[in-house]
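Accompanying notes for the structure given below.
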Amino acid sequence: MFDDSGYHNRVIKNARKLLGYFTYGTGAYRTNFGSWRHPNKNGSTDCSGFVWIVMKRAGYRVGNAPFFTLPMERDAKSTHGYLKKISAKNIRPGDIVIVNTGNGVGQNGHAAIVDGKYDGWDTQIIEEGGNLGVDDVHRSSLGSSLSDKLAKGRITYARPVK
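Counting from 1, position 138 in the sequence shown corresponds to residue 138 in UniProt numbering; the numbering is continuous, with no gaps.
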């Protein structure tokens, strides 16, 4: 069950506005969403592209091109241009979860937006793609969406940087 009470930050508001948008797309299709200001509901992007669109719409500095998960992880852990690594105990709605195995490309990585208090595998998220086979932006839980990647991947929790 998703608890909407009390979470009103800009990242969450923008992520929720995009529920039901897009189909999952990689390669050239990951940027087929129209403009970030007025995304095409029937366009396509991938998980990290969705996070980029949301952060851009929320007013965060994100650069000119949609993210990839491995550079997201590296940025959160070192340069902090867009994201800053945080511990699981400090997660709050609007933070980002990044999981990578190897190079983080395609099925080797995933990114989502935290949509509730940290609750282990039951932490609520908003994502594009994921493990559920759902093709649009949707709500899920960390465990049901990322369990196969978490078992063998590096998980990074990050907070958007202004």
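For each residue, glycine too, the CB sits at the ideal point set by N, CA and C.
- Message: For V99, list the residues DSSP reports as bridge partners.
- Response: Stepping through the sequence shown from its first residue, residue 99 is reached at position 99. H110, I155.
- Query: What three-state label does DSSP hand G6 in the structure shown?
  - Reply: Here residue 6 is taken as the residue at index 6 of the sequence shown, counted from 1. For G6, the pLDDT reaches just 48, beneath the cut-off of 50, and the residue's location in the model is therefore unreliable, although a value from the coordinates is still provided. It is coil, neither helix nor strand.
- Should W52 be labelled buried (16 or more other beta-carbon atoms within 10 Å of its own) or exposed? Here residue 52 is taken as the residue at index 52 of the sequence shown, counted from 1. That one is buried.
- Report the rounded CA-to-CA distance for G102 versus G130, giving the unit in angstroms. Within the sequence shown, residue 102 is the residue found at index 102, counting from 1. Within the sequence shown, residue 130 is the residue found at index 130, counting from 1. Rounded to whole angstroms, G102 to G130 spans 17 Å at the Cα level.
- Rounded to whole angstroms, what's the CA-CA distance from D148 to A112? Just pull it up for me. As a working note, residue 148 is residue 148 in the sequence shown. As a working note, residue 112 is residue 112 in the sequence shown. One alpha carbon belongs to D148, the other to A112, and they sit about 15 Å apart.
- Task: Please list, in chain order, all residues of the same chain as T69 whose beta carbon is under 7 Å from its beta carbon, the five residues on each side excluded.
- Result: In the sequence shown, residue 69 corresponds to position 69, counting from 1. Hits under 7 Å: S48, I98, N100, G104, G109, H110, A111.
- Query: Going by DSSP, which residues form a beta bridge with G34?
  - Reply: To locate residue 34, count along the sequence shown from 1; it is residue 34. BP columns for G34 point to P39.
- Do R92 and L19 have their C-beta atoms within less than 9 Å of each other? In the sequence shown, counting from the first residue as 1, residue 92 sits at position 92. In the sequence shown, counting from the first residue as 1, residue 19 sits at position 19. No, they are not a contact pair.
- Please go through the same chain and pick out, in chain order, the residues whose beta-carbon is closer than 7 Å to the beta-carbon of residue 191, but skip the five residues on each side of it. In the structure as shown, the chain begins at 1 and stops at 162. Residue 191 is therefore absent and cannot be evaluated.
- Opening and closing residue of the alpha helix (DSSP H) in which I53 lies: Numbered from 1 along the sequence shown, position 53 holds the residue referred to as residue 53. For I53, the uninterrupted alpha helix (DSSP H) run begins and ends at 47 to 57, by DSSP.
- Task: Classify R159 as buried or exposed, calling it buried when 16 or more other Cβ atoms lie within 10 Å of its own Cβ.
- Result: Counting from 1 along the sequence shown, the entry for residue 159 is found at position 159. When all chains shown are included, R159 counts as buried.
- Task: Just tell me which of K89, G143, V114 has its CA closest to the CA of I12.
- Result: Here residue 12 refers to the residue found at position 12 when the sequence shown is read from its first residue. Considering only alpha carbons, the answer is V114.
- Hey, quick one: how far does the alpha helix (DSSP H) through L83 stretch, first residue to last? Along the sequence shown, read from residue 1 onward, the residue named residue 83 stands at position 83. First-last for L83: 83 to 86, but that is the beta strand (DSSP E), not the alpha helix (DSSP H).
- Considering only residues of the same chain and omitting the five flanking positions on each side of G25, which have a CB-CB separation below 7 Å? Stepping through the sequence shown from its first residue, residue 25 is reached at position 25. Same-chain partners within the cutoff: N32, S44, T45, D46.
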